[in-house]
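Just so you know, the sequences run in chain order L and F. Numbered as in the numbering used here, the first sequence ends at 109 without a single skipped number. Numbered as in the numbering used here, the second sequence ends at 222 without a single skipped number.
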Amino acid sequence: LAKTTQPISMDSYEGQEVNITCSHNNIATNDYITWYQQFPSQGPRFIIQGYKTKVTNEVASLFIPADRKSSTLSLPRVSLSDTAVYYCLVGTQGGKLIFGQGTELSVKP
Amino acid sequence: DAEITQSPRHKITETGRQVTLACHQTWNHNNMFWYRQDLGHGLRLIHYSYGVQDTNKGEVSDGYSVSRSNTEDLPLTLESAASSQTSVYFCASSGQNSYNEQFFGPGTRLTVL
Numbered sequence: 001l002a003k004t005t006q007p008i009s010m011d012s013y014e015g016q017e018v019n020i021t022c023s024h025n026n027i028a029t030n031d032y033i034t035w036y037q038q039f040p041s042q043g044p045r046f047i048i049q050g051y052k053t054k055v056t057n058e059v060a061s062l063f064i065p066a067d068r069k070s071s072t073l074s075l076p077r078v079s080l081s082d083t084a085v086y087y088c089l090v091g092t093q094g095g096k097l098i099f100g101q102g103t104e105l106s107v108k109p
Numbered sequence: 110d111a112e113i114t115q116s117p118r119h120k121i122t123e124t125g126r127q128v129t130l131a132c133h134q135t136w137n138h139n140n141m142f143w144y145r146q147d148l149g150h151g152l153r154l155i156h157y158s159y160g161v162q163d164t165n166k167g168e169v170s171d172g173y174s175v176s177r178s179n180t181e182d183l184p185l186t187l188e189s190a191a192s193s194q195t196s197v198y199f200c201a202s203s204g205q206n207s208y209n210e211q212f213f214g215p216g217t218r219l220t221v222l
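Following this line, the structure appears as structure tokens:
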């Protein structure tokens with residue numbers, strides 16, 4: 001399973017765009033990139049998944065360059081409620097998901 | 110609405126006792142998973158199941174067991190609880206064609222004294 005590396009923590013202010021980059025140098029051909037969000041005392045929540053190029057949904061965008069060795073989760077115009085831990089995961093469909101330590105995002109007023 | 114529930118939400122037990130944590134989902138998902146979360150370790154996979162009668166070990170399965178007798182439930186049993194198993198336990202499920210989109214339960218906080 002590909003190992004992922006992401007910043008331990010990030011700070012931002014309300015209304016800003018936040019980009020969290022994840023490195024996965026050993027990603028395999030069949031691996032997908034998945035991001036989860038976790039609030040304190042809750043289970044993680046699926047945000048977005050992609051294989052290549054760009055994926056966008058109602059809450060975030062995921063940018064994946066051609067070599068797929070990294071990916072960037074983009075959160076537009078964050079609010080205080082976006083303060084959470086964000087996990088980047090790499091794995092095949094049907095395979096096991098391995099959660100790393102995640103990025104603790106703190107949004108300030 | 111479909112959901113995934115865990116019980117109990119909080120449990121205090123003593124070393125050496127057998128403990129079973131329940132997980133029930135009404136999504137009709139084939140895939141179910143158990144994780145534990147400890148400070149400094151993120152979530153670690155304990156056991157998982159891809160269908161009835163199917164169970165597989167995750168990365169931290171020692172001291173834990175699961176059984177899958179129906180689609181809805183995947184109970185997690187600690188055969189002989191140890192203090193090192195004090196943790197928050199999360200159950201999750203995912204559909205046949207969306208393995209990576211897992212739906213998580215609210216968690217069970219287990220304390221082993």
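Even glycine gets a Cβ: it sits at the ideal position worked out from N, Cα and C. Please read these numbers as outputs of a predicted model, since none were measured by experiment.
field: Within chain L, the residues that Gln162/F reaches when beta carbons sit closer than 8 Å
entry: Simply none; closest approach about 18 Å.
field: CB of Gly204/F within 7 Å of CB of Gln115/F, strictly
entry: no
query: Roughly how many angstroms separate the alpha carbons of Gly83/F and Gly15/L, rounded to a whole number?
result: In the structure as shown, chain F starts at 110 and stops at 222, and residue 83/F therefore has no counterpart that could be examined.
query: According to DSSP, is Asp110/F helix, strand or coil?
result: coil
message: Under 7 Å, Cβ to Cβ, is there at least one residue of chain L near Glu210/F?
response: Glu210/F counts as touching chain L.
- request: Taking C-beta pairs closer than 8 Å, name the residues in chain F that Leu105/L reaches, listed in chain order.
  value: Neighbours of Leu105/L on chain F: none; closest Cβ ~15 Å, over 8 Å.
Cutoff 7 Å: Pro40/L Cβ touching any chain F Cβ: no
query: Which residues bound the beta strand (DSSP E) around Glu104/L?
result: Thr103 to Lys108
task: For the stretch 138–156 of chain F, enumerate the residues whose C-beta is nearer than 9 Å to any C-beta of chain L, in chain order.
output: Asn140, Phe142, Tyr144, Gln146, Gly149, His150, Gly151, Leu152, Arg153 and Leu154
message: My assumption, with CB atoms under 8 Å, is that Thr122/F sits in contact with Val221/F. Please give the rounded CB distance.
response: About 6 Å separates the Cβ atoms of Thr122/F and Val221/F, confirming a contact at the 8 Å cut-off.
query: Using a Cβ-Cβ cut-off of 6 Å (strictly less than) and excluding sequence neighbours within five positions of Ser106/L, which residues of its own chain qualify?
result: Asp11 and Thr83
- prompt: Shorter than 7 Å from the beta carbon of Gly204/F to some beta carbon of chain L?
  reply: no
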